[in-house]
Amino acid sequence: DAELELPSGRRFRPMEVINRARGLRGPASPSAAIVGHEVVAAGESLPVPLNGFVVALPEGVVLRAGDRLRYPAVHGPRGPIHTGVAGGPLLLRDGLLALQMREEDFWGTAPPVTFSQDETGDRNLLPRLAAGLTEQGRLVLAAVDGRNLERALGMTLGGVGRLLRALGCHVATNLDGGSSKRMVVEGRALDLASTEIVSEGVATVSVRPVHTALLIFAD
């Protein structure tokens, strides 16, 4: 229901808005592909940009590549955002498995891709880090060890989704995996580091450093 505004001040309400969660192409009608606040393409049946969306234009509105637009955040948070961290793909929605790797561009190697690509169709058992929320708003964080043939093989993304659902989550997303999966509580590492595959004992190679972290503090 949001309105878009041109630099001239003219406002219009798009007939339809399509992002990657809804499809890979826009409608077969006059449309514009938008990334950020800039029109990057105009025409019909436009590919939906990975980091943008396509709007179906109402009659009388003509946009061209390079046009700048203003619009509000349609589904913004209920409060101010202080810090954000990227993740994906989505694992659970409304308590149901919601893994759509192709639609979210976590599949294949053709650019653009988000984070790291997966050509196996989620058949790899890997270390995983994921977060979920219960219907009561309780945050659940899961660090799944892997690459250790004695102690932990790892999980597929679908397996992590089922795990978080079993833990009571209503919605959940993957955060990261592989050697980027770490969990530290009160200064103590709880997970098994996993830069390389370990067949016996513990890892003997140095652990790849992780330079970003999601920090949670108790009141």
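Throughout, this note's numbering is defined as the position within the sequence shown, counted from one, plus 110. Idealized CB from N, CA, C, for every residue including glycine. Keep in mind it's a predicted model, so treat the numbers as computed, not measured.
Residue i in three-state terms, based on DSSP
i	result
L274	helix
P140	coil
G288	helix
L325	coil
G133	coil
L156	coil
G176	coil
G269	helix
E148	strand
E115	strand
T283	strand
R298	strand
N258	strand
Whole-angstrom C-beta distance between residue j and residue i, which should lie under 8 angstroms
i	j	result
L239	A262	Actually they are not in contact, since the Cβ atoms of L239 and A262 sit about 13 angstroms apart, beyond 8 angstroms.
A152	A175	6 angstroms
V294	L243	The pair is not a contact, with the Cβ atoms about 21 angstroms apart (cut-off 8 angstroms).
L167	M125	7 angstroms
Y181	A112	5 angstroms
Sequence-distant residues of its chain with Cβ nearer than 6 angstroms to residue i (five each side left out)
i	result
L277	V250
V127	F163, V165
P117	R178
Own chain residues within Cβ distance below 7 angstroms of residue i, not counting five before or after
i	result
V270	L201, R238, A240, A252, V254, N284
L302	D255, N258, R261, A262
Contacting residues, own chain, Cβ-Cβ under 8 angstroms from residue i (five flanking each side not counted)
i	result
L209	P199, L200, L201, D232, L267, G268, G271
E260	V308, S309, E310, G311
Delimiting residues of the beta strand (DSSP E) encompassing residue i
i	result
L251	249-254
A244	Note on residue identity: the sequence assigns Thr, not Ala, to residue 244. Its beta strand (DSSP E) spans residues 238-244.
I128	126-128
G162	162-166
R120	No beta strand (DSSP E) holds R120; DSSP gives it neither H nor E.
R203	200-203
Counted within 10 angstroms of its Cβ, other Cβ atoms place residue i as buried (16 or more) or exposed
i	result
E214	buried
S141	buried
N161	exposed
S226	Low confidence applies to S226: its pLDDT is 49, below 50, so where it sits in the model is not reliable enough to give any reading.
G297	exposed
F327	exposed
L300	exposed
A220	Note on A220: pLDDT 45, under 50, position unreliable in the model; no value is reported.
P319	exposed
8 angstroms Cβ cutoff, residue i in contact with chain B
i	result
Q246	Looking for chain B here will not work: only one protein chain is present.
beta-carbon residue i near the ligand PLP non-hydrogen atom, thresh 7 angstroms
i	result
S316	Among the components modelled here there is no ligand, and therefore nothing to report on the ligand PLP.
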